[in-house]
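Single-structure report; data block below.
Numbering (my numbering), first residue to last: 80 to 259.
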């Protein structure tokens, strides 16, 4: 990559739109469970306390996801920028911005419930965790680090790229930058 070259991978409005619709459906289901808790006559879900609980959890979890995904849907910045300094991640609600090539030791693929993530294994994970601007983001990054060995994971769920293409591109660029 020459000095001024950079590769931008856009956020996929189509993928984000589908995720938004899914969140809306689950928030609506949660509201329905709460509103109809006393009248639903399904043996497994017949307990109103269970329905209130499921409804509340659905509204909280998918409501938060809806807000986060909506912010990305309206974001005009590229989802991922790859340049000589490193990778600028703007693909999710817990993105940290610039991850320097010099900090990346390796890129590993991790699967979580049939979803593949590219985990950027960095030399100084705590430095990246400390960069988080709020406690929710910090806790999410700590959980990633504890479970997957790195706070930084990139998914193509919101990007105009396939997992395999992005993995190949990032691996190639990491090798190029390590050889310089």
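All C-beta atoms in this analysis are idealised placements derived from N, C-alpha and C, irrespective of residue type, glycine included.
Any chance you could list the alpha helix (DSSP H) runs of at least 4 consecutive residues sitting entirely within the region 201-248, in chain order?
As far as the region 201-248 is concerned, its whole alpha helix (DSSP H) runs of at least 4 residues are 204-209, 214-227.
Contiguous alpha helix (DSSP H) assignments of at least 4 residues, all confined to the region 102-182
Taking only runs of at least 4 residues, the alpha helix (DSSP H) segments lying wholly in the region 102-182 are 127-153.
Do residue 105 and residue 132 have their C-beta atoms closer together than 8 Å?
In this structure, residue 132 does not lie closer than 8 Å to residue 105 by Cβ.
Alpha carbon to alpha carbon, what distance is there between residue 235 and residue 227?
One C-alpha to the other measures close to 17 Å.
What are the boundary residues of the beta strand (DSSP E) that residue 87 is part of?
DSSP places residue 87 inside the beta strand (DSSP E), whose first and last residues are 86-88.
My assumption, with CB atoms under 8 Å, is that residue 188 sits in contact with residue 219. Please give the rounded CB distance.
Their Cβ separation, rounded to whole angstroms, is 20 Å, which puts residue 188 and residue 219 out of contact at 8 Å.
I want to know whether the region 205-217 touches the region 239-259 - three or more CB-CB distances under 8 Å.
Verdict: no, contact absent.
Beta-carbon proximity check, residue 238 vs residue 159, cutoff 8 Å:
For the pair residue 238 and residue 159, the CB atoms are nearer than the 8 Å cut-off.
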